[in-house]
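Residue numbers (our numbering), protein chains in the order written: chain A, 15 to 233; chain B, 15 to 233. Beta carbons are placed, not taken as given, at the ideal position from N, Cα and C, and that holds for glycine. Here is the structure we will look at.
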DNA sequence: ACTTGGTTACTGACCTGTAAGCAAGTGTGG
DNA sequence: CCACACTTGCTTACAGGTCAGTAACCAAGT
């Protein structure tokens, strides 16, 4: 699954010892778990180190600081998250929205990752949070992707209102995030996949008006 | 030891009870500010105490523990938040949605309170968080209010699908919350009031189908 | 011999909660 | 209307704990 990327004839000389890279990934995965279940400030390096059988100083040996570990963890998650996409790149147009619904469905099976991002993204709005820039940039990028997809869906001769497209793009991400929080608090009470699909379709319908009708997305 | 600041003069001290209640409220407001800007775990009693000119032990004298302070703060916010409603009670039917849009507009003017709730609600999904039960109950109640309002809006002879109403109720809260996070991270990029109104109307339209049309809500 | 991946041990911040004390204000009996 | 015990609203001091980060060291593998 992952082994493929060790390819390329240029063996990178002495630098990366394979075992070390694996160790670092273990730590990053442990960090996801700990920061997800306890929050950033509250999650300790010792707890992360414990999960991979070393001391907290060992973790710092690899990552230098807790802040750096968080940032590398977010980066790692981004890299591995697109791995499952065959073409390694997020689709556009209507397919983007289908992709988002699929993601919601997938997320309903992995509360751990969902919690990590739900907790950290809200955490990041606090003063001087090390991941604030990461999340700001992330949302900017995602909103832009969705705006573009919305324009693609629309008839170019009858372009939608810009302000509305902006609102719709933000709203799509917002429902997904907000539903995750409610679902994490009370999984019985919220059907994450269905509610996400419903809301995304609702926003989509409202944004593109009458041009495209009913059942654009499947559930 | 301490030269008391009992600097006499016209030292009015008639009603210690009332004065005490005011002191407690000062502390609760300071707690909102600190927990909002730093998160729960990260915000210290010392910082809260500082804002009202006392030591952290003074705060504990009034509230017993940090957890208790958080809970009372949430309670205080709930009490004071409905004060501005003339009839002191949340409306039903279409008025509920108008009220939500109004709230979003109001929120765009008070980032402090918005941040407090955005941060704490996501914080609360972490393990053993003292406010988890508070937020779970809060969402349960709000979803129920919205479900009811949705039913009121619909023609009783043609009732909407239950699963859809559930999804719509959760989605309405979710967009509002999610938009707040994006807005806090990047106020320039997100129009909180407009996007909230747009998304709420979109969900409403999708949920009640053709029975009610266009411009149910004003912006 | 040098680098790498750790370890132990320690430091210095901070943080919550507790205890004891104190000054100013309150209530009551006389 | 006053004396005096009690209560209230804090304070300082400290106990006990957690945590990030640093330094010095060591055991391999190359």
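Mapping DSSP to helix, strand and coil, what is residue i?
i, result
"residue 68 of chain A", "coil"
"residue 133 of chain A", "helix"
"residue 147 of chain B", "helix"
"residue 104 of chain A", "coil"
"residue 138 of chain B", "coil"
"residue 169 of chain A", "coil"
"residue 98 of chain B", "coil"
"residue 202 of chain A", "coil"
"residue 153 of chain B", "helix"
"residue 52 of chain B", "helix"
"residue 124 of chain B", "coil"
Check the Cβ of residue i against every Cβ in chain A and list those closer than 7 Å, keeping chain order.
i, result
"residue 223 of chain B", "None at all; the shortest Cβ gap to chain A is about 11 Å."
"residue 129 of chain B", "139"
"residue 71 of chain B", "The premise fails here: residue 71 of chain B is roughly 23 Å from chain A at the closest Cβ pair, so nothing lies under 7 Å."
Since residue i is in the alpha helix (DSSP H), which residue starts that stretch and which ends it?
i, result
"residue 31 of chain A", "Unbroken run through residue 31 of chain A: none, as it is neither H nor E."
"residue 117 of chain B", "107 to 121"
"residue 192 of chain A", "176 to 199"
"residue 88 of chain A", "80 to 95"
"residue 58 of chain A", "Unbroken run through residue 58 of chain A: none, as it is neither H nor E."
"residue 218 of chain B", "206 to 222"
Check whether the Cβ of residue i lies closer than 8 Å to any Cβ atom in chain A.
i, result
"residue 155 of chain B", "no"
"residue 212 of chain B", "yes"
"residue 215 of chain B", "yes"
"residue 56 of chain B", "yes"
"residue 205 of chain B", "yes"
"residue 132 of chain B", "yes"
"residue 209 of chain B", "yes"
"residue 227 of chain B", "Since pLDDT at residue 227 of chain B reaches only 47, below the 50 mark, its modelled position is unreliable, and the value read off the structure follows with that caveat. For residue 227 of chain B, the answer is no, since every Cβ of chain A falls outside 8 Å of its Cβ."
Does the CB of residue i have a neighbour CB from chain B at under 8 Å?
i, result
"residue 178 of chain A", "yes"
"residue 193 of chain A", "yes"
"residue 116 of chain A", "no"
"residue 48 of chain A", "no"
"residue 90 of chain A", "no"
"residue 163 of chain A", "no"
"residue 182 of chain A", "yes"
For a contact defined as C-beta to C-beta under 8 Å, what are the partners of residue i on chain A?
i, result
"residue 199 of chain B", "138, 139, 146, 149, 150 and 153"
"residue 79 of chain B", "Residues of chain A passing the Cβ test: none, with the nearest at roughly 17 Å."
"residue 187 of chain B", "192 and 196"
By the 10 Å Cβ neighbour count, where 16 or more other Cβ atoms means buried, how is residue i classified, buried or exposed?
i, result
"residue 14 of chain B", "Chain B is shown from 15 up to 233; residue 14 of chain B falls before or after that span and cannot be answered."
"residue 110 of chain B", "buried"
"residue 120 of chain B", "exposed"
"residue 102 of chain A", "exposed"
"residue 28 of chain B", "Low confidence applies to residue 28 of chain B: its pLDDT is 47, below 50, so where it sits in the model is not reliable, and the reading given next is rough at best. So residue 28 of chain B ends up on the exposed side."
"residue 140 of chain A", "buried"
"residue 52 of chain A", "buried"
"residue 31 of chain A", "exposed"
"residue 50 of chain B", "buried"
"residue 96 of chain A", "exposed"
"residue 215 of chain A", "buried"
"residue 57 of chain A", "buried"
"residue 98 of chain B", "exposed"
"residue 157 of chain A", "buried"
"residue 263 of chain B", "The structure shown does not extend to residue 263 of chain B, since chain B is modelled only from 15 to 233, so the question has no answer here."
"residue 36 of chain B", "exposed"
Which bits of chain B does residue i rub up against, with CB to CB less than 8 Å?
i, result
"residue 8 of chain A", "In the structure displayed, chain A extends from 15 to 233; residue 8 of chain A sits before or after that span and is not available."
"residue 52 of chain A", "140 and 141"
"residue 44 of chain A", "Correct list: empty, because the minimum Cβ distance to chain B is about 15 Å."
Check the Cβ of residue i against every Cβ in chain B and list those closer than 7 Å, keeping chain order.
i, result
"residue 120 of chain A", "Under the 7 Å cutoff, chain B gives no residues; its nearest Cβ is about 18 Å from residue 120 of chain A."
Using a Cβ cut-off of 9 Å, pull out every chain B residue sitting near residue i, in sequence order please.
i, result
"residue 220 of chain A", "212, 213, 215, 216, 217, 219 and 220"
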